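Counting from 1, position 26 in the sequence shown corresponds to residue 104 in the numbering used here; the numbering is continuous, with no gaps.
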Amino acid sequence: MYTSTTAVRNRLAIALDTSDLDTAVSIAKAVQPDIGVAKVGLQLFSAAGRDAVRAIQDIGMDVFLDVKLHDIPNTVYGASTVLGALGVQFLTVHAGGGTAMLEAAVKGLSEGASNAGLAAPTVLAVTVLTSTPDASPELLNERLAAAVAANCGGVVCAASDLSVIRAAAPDILTVVPGIRPAGGAVHDQQRVATPAEAIRSGASILVLGRAITAATDPAEAAQAIAAEVAQAI
Numbered sequence: 079m080y081t082s083t084t085a086v087r088n089r090l091a092i093a094l095d096t097s098d099l100d101t102a103v104s105i106a107k108a109v110q111p112d113i114g115v116a117k118v119g120l121q122l123f124s125a126a127g128r129d130a131v132r133a134i135q136d137i138g139m140d141v142f143l144d145v146k147l148h149d150i151p152n153t154v155y156g157a158s159t160v161l162g163a164l165g166v167q168f169l170t171v172h173a174g175g176g177t178a179m180l181e182a183a184v185k186g187l188s189e190g191a192s193n194a195g196l197a198a199p200t201v202l203a204v205t206v207l208t209s210t211p212d213a214s215p216e217l218l219n220e221r222l223a224a225a226v227a228a229n230c231g232g233v234v235c236a237a238s239d240l241s242v243i244r245a246a247a248p249d250i251l252t253v254v255p256g257i258r259p260a261g262g263a264v265h266d267q268q269r270v271a272t273p274a275e276a277i278r279s280g281a282s283i284l285v286l287g288r289a290i291t292a293a294t295d296p297a298e299a300a301q302a303i304a305a306e307v308a309q310a311i
């Protein structure tokens, strides 16, 4: 039987896509032995705000705040200073907003965390959504270049984009959604990969949603994926 390790747990994130905080915490607790990061997205953050962040932190998981900021640089800077004080480990910002906006996010997040006595979180630039069926290499490279120029610590990308990203920015953190076990339902995602495929292609962190949360036994599903990742790394 697979035994969880820190190395594997830190490479897996569970997407808590629900508006009910109790449900989110229940799911997080169930998978925590094998998954170390919890993604708080727009739905949960809109419903519970910073309470959602604190609840996840209280059970010992890192928080990936996936709110995909995209606005003028000054507005993004202001929002990032507030979010930086929450103690999250990751924050998403749309790379399509351009270098100046991404720089504002990096600066604001760092200042907000510093003012709260916290380490600076990592800004993740969202390149092209996995629900987008066909992204041109030119668009991907343009958004990746903006993320690198702005000193973002990582990017969010599809597994199929990893070869391009690793060639251009080999050291950047890559967070990959659209992960499905072999034979699993694709749902509304267009560009998907199995956990092992994504890890072997260069993914740093895998984001897992309905493959676990919709399973009959989420804890068992999480353990199976963790075991697959352990064999791939």
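Glycine residues also receive a C-beta, built at the ideal position from the N, C-alpha and C atoms. No experiment lies behind these values; they were computed from the predicted model shown.
Selected residue, minimal CA-CA separation from Val-206, among Val-184, Gly-231, Glu-181 and Gly-174: Val-206 has its Cα closest to that of Gly-174, out of Val-184, Gly-231, Glu-181 and Gly-174.
For Cys-235, the nearest candidate out of Ala-310, Thr-170, Ala-106 and Val-131 (CA to CA): Thr-170
Per-residue DSSP class, three states only, for Asp-295: DSSP places Asp-295 outside both helix and strand once states are collapsed to three, so it counts as coil.
Between the CA atoms of Ile-257 and Ala-310 - distance to the nearest angstrom: 14 Å
Asp-144, buried or exposed, once every other Cβ within 10 Å from all chains shown has been counted against 16: buried
Contact belief for Ala-228 with Thr-177 at Cβ below 8 Å, rounded distance in angstroms: 5 Å
Cβ shell of Val-264 (< 8 Å), same chain only, five flanking positions each side left out: Interpretation of Val-264 is limited by its pLDDT of 47, a score under 50 that renders its predicted location unreliable; the figure taken from the coordinates is listed afterwards. Contacts found: Arg-258 and Val-270.
Leu-251 versus Asp-100: straight-line alpha-carbon distance, rounded: 31 Å
Three-state secondary structure assigned by DSSP to Gly-156: helix
Per DSSP, cross-strand counterpart(s) of Phe-123: Answer by DSSP bridge pairing: none, since Phe-123 is not bridged.
Three-state secondary structure assigned by DSSP to His-265: Residue confidence is low: His-265 scores 49 on pLDDT, short of 50, so the model does not pin down where it sits. Its coordinate-derived value is still stated next. Three-state DSSP puts His-265 in coil, outside helix and strand.
Coarse secondary structure for Leu-94, derived from DSSP in three states: In the structure shown, Leu-94 sits in coil (DSSP, three-state: anything other than H, G, I, E or B).
Backbone secondary structure at Asp-140 - three-state DSSP: strand
Straight-line gap, Leu-202 to Glu-181 (C-alpha atoms, nearest Å): 12 Å
Opening and closing residue of the alpha helix (DSSP H) in which Ala-320 lies: Since the displayed the chain opens at 79 and closes at 311, residue 320 lies outside it and no answer follows.
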